[in-house]
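> First, the structure itself, so that you have it in front of you.
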Amino acid sequence: HYQLIVEREENLDTLEIQVEVNEQTFSDEIKVLQDLSNRIRHEIKDLLGITCKVRLVEPKTIARSEGKAKRVIDRRKENQ
701 HYQLIVEREE NLDTLEIQVE VNEQTFSDEI KVLQDLSNRI RHEIKDLLGI
751 TCKVRLVEPK TIARSEGKAK RVIDRRKENQ
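Using the numbering used here, you'd call the opening residue of the sequence shown number 701 and step up by one each time.
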């Protein structure tokens, strides 16, 4: 699972992608997790041309819903 969080900082939009990893991956060494996060960030930059922050989160951290999943959280209006 994943979730995109859009915020505004100093008149610039920022994007954080939270990626839920499995228990085995989450229990890996910090270096392994950092490498995975960097690899995801670079792939997104190369494919889409978007700079973002990637945060790996524990399994079952991202809320599940009965219907359509809420993949994008737009907090830009909250920060004004």
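Every residue gets a Cβ at the ideal spot worked out from N, C-alpha and C, and that includes glycine.
This structure is a prediction, so every number in the text was calculated from the model and none was measured.
Starting from Ile740, trace the alpha helix (DSSP H) both ways and give me its first and last residue.
730-748
> Quick one: what does DSSP say Glu720 is sitting in, helix, strand or coil?
strand
> Check for me: the beta strand (DSSP E) holding Ile773 runs from which residue to which?
772-774
> In angstroms, rounded to a whole number, what distance separates the CA positions of Arg771 and Leu756?
15 Å
> Run through the DSSP bridge pairs and tell me what Ile762 is partnered with.
None, per the DSSP bridge assignment.
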